[in-house]
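So the sequence shown is residues 111 to 729, counted in the numbering used here.
Right, one structure below, let's go through it.
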Amino acid sequence: MHDFKRIQMKQLGLVILLFVCSLAFSQNVEFKASAPSVVAVGEEFRLSYTLNKEGSNLQLPSLEGFDLLMGPSTSQSFMSSTVNGRTTQSVSYTYTFVLEGVKEGTYEIRPATVMVDGRSYQSNGVKIEVVKGSGNGGTGNRREHQAVQPDASASLNENNLFVKVEVSRRNLYIGESLVATIKVYSKVDLTNFGRSKFPSFDGFLAEEVPTPQRIELVRENYNGQIYNVGVIRKMLLYPQHTGEITIEPFELECIVRQRLTGGGRSFFDDFFGNYREVRAMRRSKPVVVQVKELPLAGKPVGFSGTVGNISMSTSISADTVDANDAVTYKVVFRGTGNLKLLQAPAINFPLDFETYDPKESRDIRVTENGMSGTVSFEYLVIPRYSGEYKIPAVQYSYFDPQSGSYKILSGKEYKVFVRKGAEKGLAGGNNGSTVHSFKKEDIRQVGEDIRYIKTGELHLRPTGVRFFGTPAYWLSLFIPLFLFVAGAILNRRRIKANSDMARVKNKAATKMARKRLKAAALAMKSHNAERFYEEVLKALWGYMSYKLNIDRAELNRDNISDILQKKGVQESALKEFIGVLDTCEYARYAPGSNSDQEMDKVYTSSIDVITKLDKSIKG
111 MHDFKRIQMK
121 QLGLVILLFV
131 CSLAFSQNVE
141 FKASAPSVVA
151 VGEEFRLSYT
161 LNKEGSNLQL
171 PSLEGFDLLM
181 GPSTSQSFMS
191 STVNGRTTQS
201 VSYTYTFVLE
211 GVKEGTYEIR
221 PATVMVDGRS
231 YQSNGVKIEV
241 VKGSGNGGTG
251 NRREHQAVQP
261 DASASLNENN
271 LFVKVEVSRR
281 NLYIGESLVA
291 TIKVYSKVDL
301 TNFGRSKFPS
311 FDGFLAEEVP
321 TPQRIELVRE
331 NYNGQIYNVG
341 VIRKMLLYPQ
351 HTGEITIEPF
361 ELECIVRQRL
371 TGGGRSFFDD
381 FFGNYREVRA
391 MRRSKPVVVQ
401 VKELPLAGKP
411 VGFSGTVGNI
421 SMSTSISADT
431 VDANDAVTYK
441 VVFRGTGNLK
451 LLQAPAINFP
461 LDFETYDPKE
471 SRDIRVTENG
481 MSGTVSFEYL
491 VIPRYSGEYK
501 IPAVQYSYFD
511 PQSGSYKILS
521 GKEYKVFVRK
531 GAEKGLAGGN
541 NGSTVHSFKK
551 EDIRQVGEDI
561 RYIKTGELHL
571 RPTGVRFFGT
581 PAYWLSLFIP
591 LFLFVAGAIL
601 NRRRIKANSD
611 MARVKNKAAT
621 KMARKRLKAA
631 ALAMKSHNAE
641 RFYEEVLKAL
651 WGYMSYKLNI
661 DRAELNRDNI
671 SDILQKKGVQ
681 ESALKEFIGV
691 LDTCEYARYA
701 PGSNSDQEMD
711 KVYTSSIDVI
721 TKLDKSIKG
């Protein structure tokens, strides 16, 4: 009987094990669909389904908007990897269909189904946009890859190669964010990039959105045509004032490979390299953004200017403490918006609480959807006297652009019980008696008669001592007068010297440049190329702004030559200055320009050119 029960338990354990294994097996099945996001009418492309386990009975959904030309073709691929001496192998099955777009529009291919070990699995759905065909090339040899096949024989013009600054919105509230995406559109054989000039984004608080360092070209529909599109940079922008703000044009030098003309195309053209590289400068159009004031209706008193969608929570480290023990009061904000500008809320702590400035902690991520993350403030307070206290609920207001209204957040109200401890202000006499000090909360309520008698040591002096006419009297009279006159003279000299701002900035120009170059040297030692070139640019432009007494916003590469020539700067020094600027502007984006040797060369050139300019600039 005992053996029978043991056999039953073993069988039950085996069943459970098989069930768990089958469940784990089913959970590991992956079935994915993939296809280009944009195709042209009449273009052949591939719709692929990838399965990591062998399946059967693949069922396609309705293919509205497309003709099925071929399929499915099935292929297998094996993968083997070794980690810590352990080898793992995997296999994948791919089912490929060749389709053709027959009508313009946006179509959704719903999930397909497949059977694996008696169970049905669904793939993901895909959306495909069908646009008007270009009309060049036959239907039997079109590319199905993600990027469009470039045409090396096409003539270079503004229609098949251009740059563009796209913004996520053109009308927004002050404090609201927008995303500016800098793109290049190409139908030609684009191989590399040269010089570039990015917008300064004046009038915005700009934060760069992380993008892949390598620019990948993907197909995209623009005005009914398919282009190879690459994202150069994405910026998250917060307008700093209302009204009309213009985003300056972006400039980019594109390097294009073109097939040499003269005779028909030969098989040997590609082999012998019958191509040339053409450099084409492209400039985007300026973008105008309208920034609105926040509405006055419903604006709360004490509104701090936060715009977004946030939540708030409060907490306290303890609600029962001894006198003179520290308590931590914490306020945490979570959400999206201009979180870097979020300020600590004012907390009305009891008067008998000694308070300190809050400790800030910000965990913020910059994405295409804006800034998101957490901002926390920790307040350290110390109750000095025993008793029962209330910390009122903190309130914080923000503007929600989605609803176009103000929202008020409220925290919790806390009661704090402070026990008697080593209270601050206790004093003991020799006879063991104790005199207690009184709380500020009590003192604030005193409004009648005399309540307190001064205790402790008294410092008495005899009456009748004559002070008027003594040497000490005359010294106390004339010394402050002398110090006042001397201070007035020195202050007048200081004001006169500082009033000549041009002279002050001129003297400070070299000092400021030296400070920036020192920071650049530290960045070079840490191999931080981006920081290095940024500091060198700040040193050069800052030096010019201070030396010439011209606002930085009024200086640019186009007018600096005229200004320096008027100041008597030699042509060689001028060219050297412009050359260093160009090197710094393009070094972060040109491959192979971020080596230590290149940075050391730029650093030396910057010092030389500032020295030459310091000697050449007159006045």
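Positions of the beta carbon are idealized from the N, C-alpha and C atoms, including for glycine.
Computed from a predicted model, the values in this text were never measured in an experiment.
Cut-off 6 Å between Cβ atoms - residues of its own chain near M481, not counting five sequence neighbours on either side: Here residue 481 refers to the residue found at position 371 when the sequence shown is read from its first residue. Answer for M481: L449, I474, listed in chain order.
Buried or exposed by the 16-neighbour rule on C-beta atoms within 10 Å, applied to A697: The residue labelled residue 697 in the question sits at position 587 within the sequence shown. Label assigned to A697: buried.
The alpha helix (DSSP H) enclosing I688, as first and last residue numbers: Along the sequence shown, one-based indexing puts residue 688 at 578. Per DSSP, I688 belongs to the alpha helix (DSSP H) from 681-697.
Every unbroken beta strand (DSSP E) inside the region 196-240 [3 residues or more]: 196-211, 215-219, 223-226, 229-232
CB contact flag (E640, A630, <8 Å): Walking along the sequence shown from the start, residue 640 turns up at place 530. Walking along the sequence shown from the start, residue 630 turns up at place 520. No. Outside cutoff.
Through-space distance from A633 to V401, alpha-carbon basis: Numbered from its first residue, the sequence shown carries residue 401 at position 291. Numbered from its first residue, the sequence shown carries residue 633 at position 523. When rounded, the distance between both Cα atoms is 37 Å.
Collapsed DSSP secondary structure at I673 in the structure displayed: In the sequence shown, counting from the first residue as 1, residue 673 sits at position 563. DSSP places I673 in helix when its eight states are reduced to three.
Residue range of the unbroken beta strand (DSSP E) whose run includes E358: Walking along the sequence shown from the start, residue 358 turns up at place 248. Taken as a continuous stretch (DSSP letters only), E358 belongs to no beta strand (DSSP E), as it is neither H nor E.
Cβ-Cβ distance between L346 and V319 below 8 Å: Along the sequence shown, read from residue 1 onward, the residue named residue 346 stands at position 236. Along the sequence shown, read from residue 1 onward, the residue named residue 319 stands at position 209. Result yes, Cβ atoms of L346 and V319 sit closer than 8 Å.
Segment contact flag, the region 495-505 with the region 517-525, C-beta cutoff 8 Å, min 3 pairs: yes
Span of the alpha helix (DSSP H), counted from its first residue to its last, around I720: On the sequence shown, residue 720 is found 610 positions in, with the first residue counted as 1. Looking at the DSSP string, the run of the alpha helix (DSSP H) that includes I720 is 706-726.
Beta-carbon gap between L173 and I238 smaller than 8 Å: Sequence index remark: in the sequence shown, residue 173 carries index 63 (1-based). Sequence index remark: in the sequence shown, residue 238 carries index 128 (1-based). Taking 8 Å as the Cβ cut-off, L173 and I238 do not qualify as a contacting pair.
Minimum C-alpha distance to S147 - residue among I336, Q323, A222, S671: Here residue 147 refers to the residue found at position 37 of the sequence shown. Closest by alpha carbon: I336.
First through last residue of the beta strand (DSSP E) which encompasses V289: Here residue 289 is taken as the residue at index 179 of the sequence shown, counted from 1. Looking at the DSSP string, the run of the beta strand (DSSP E) that includes V289 is 288-296.
Residue(s) in a DSSP beta bridge with F527: For the purposes of this step, residue 527 is taken as the residue at position 417 of the sequence shown. Answer is T430, E498.
Terminal residues of the beta strand (DSSP E) in which S515 lies: As a first step, residue 515 must be located in the sequence shown, where it is residue number 405. From DSSP, the beta strand (DSSP E) with S515 extends over 515-520.
Span of the beta strand (DSSP E) around A150: Looking up residue 150 in the sequence shown gives position 40. Segment 148-150, the beta strand (DSSP E) holding A150.
The region 416-425 in contact with the region 293-304 per 3-pair CB rule at 8 Å: no
Inter-residue Cα distance where the pair is I599 and F588: One-based indexing of the sequence shown puts residue 599 at position 489. One-based indexing of the sequence shown puts residue 588 at position 478. If I take the Cα positions, the gap works out to 17 Å.
Reference E387, options T477, E478, L266, closest by Cα: Translated into the one-based positions of the sequence shown, residue 387 becomes position 277. Closest option to E387, Cα to Cα, is L266.
3 or more residues per run - each beta strand (DSSP E) lying fully within the region 291-341: 299-307, 314-319, 328-332
Cβ pair V139, V236 closer than 8 Å: Locating residue 139 in the sequence shown gives position 29, counting from the first residue. Locating residue 236 in the sequence shown gives position 126, counting from the first residue. No, Cβ-Cβ distance for V139 and V236 is not below 8 Å.
Rounded C-alpha distance that separates D710 from E488: Here residue 710 is taken as the residue at index 600 of the sequence shown, counted from 1. Here residue 488 is taken as the residue at index 378 of the sequence shown, counted from 1. In a straight line, the C-alpha of D710 is about 44 Å away from that of E488.
Buried versus exposed, by CB contacts within 10 Å (16 or more), V294: Stepping through the sequence shown from its first residue, residue 294 is reached at position 184. Per the 10 Å Cβ criterion, buried.
Residue span of the beta strand (DSSP E) that contains S507, given as start and end: Along the sequence shown, one-based indexing puts residue 507 at 397. 505-510 is the span of the beta strand (DSSP E), which, as asked, contains S507.
Extent of the continuous beta strand (DSSP E) to which R641 belongs: By 1-based counting over the sequence shown, the position of residue 641 is 531. Looking at the DSSP string, R641 is not in any beta strand (DSSP E); the run it does join, the alpha helix (DSSP H), is 639-658.
Cα-Cα separation, K409 to I492: Translated into the one-based positions of the sequence shown, residue 409 becomes position 299. Translated into the one-based positions of the sequence shown, residue 492 becomes position 382. Taking the straight line joining both Cα atoms gives about 34 Å.
Straight-line Cα distance separating N419 from G514: Taking the sequence shown and counting its residues from 1, the one referred to as residue 514 is at position 404. Taking the sequence shown and counting its residues from 1, the one referred to as residue 419 is at position 309. Between G514 and N419, the C-alpha separation is close to 11 Å.
Nearest to G304 (by Cα), restricted to the options Y643, P221, A390: The residue labelled residue 304 in the question sits at position 194 within the sequence shown. Of the listed residues, the one whose Cα sits closest to G304 is A390.
Euclidean distance between Cα positions of D672 and E681: As a first step, residue 672 is located in the sequence shown; it is residue number 562 there, counting from the start. As a first step, residue 681 is located in the sequence shown; it is residue number 571 there, counting from the start. Distance between the alpha carbons of D672 and E681: 11 Å.
Own chain residues within Cβ distance below 7 Å of V690, not counting five before or after: Residue numbering aside, residue 690 sits at position 580 when the sequence shown is read from its first letter. So the list reads L650, V712, S715, S716, V719, once near-sequence residues are dropped.
Beta-carbon contacts of S726 that lie in its chain and below 7 Å, excluding the five residues immediately before and after: Counting from one through the sequence shown, the residue named residue 726 turns up at place 616. Hits under 7 Å: G678, V679, Q680, A683.
Nearest neighbour of A456, chosen from P590, G447, Y466 [CA to CA]: Sequence index remark: in the sequence shown, residue 456 carries index 346 (1-based). Nearest option by C-alpha distance: Y466.
Whether Q350 touches F314 by CB criterion (8 Å): Walking along the sequence shown from the start, residue 350 turns up at place 240. Walking along the sequence shown from the start, residue 314 turns up at place 204. Contact: yes.
Cβ shell of D510 (< 7 Å), same chain only, five flanking positions each side left out: Residue 510 sits at position 400 when you count from the first residue of the sequence shown. Around D510: N419, K517.
DSSP state of A739 mapped onto helix, strand, coil: Residue 739 falls outside the range modelled here, since the chain spans only 111 to 729, and no answer is possible.
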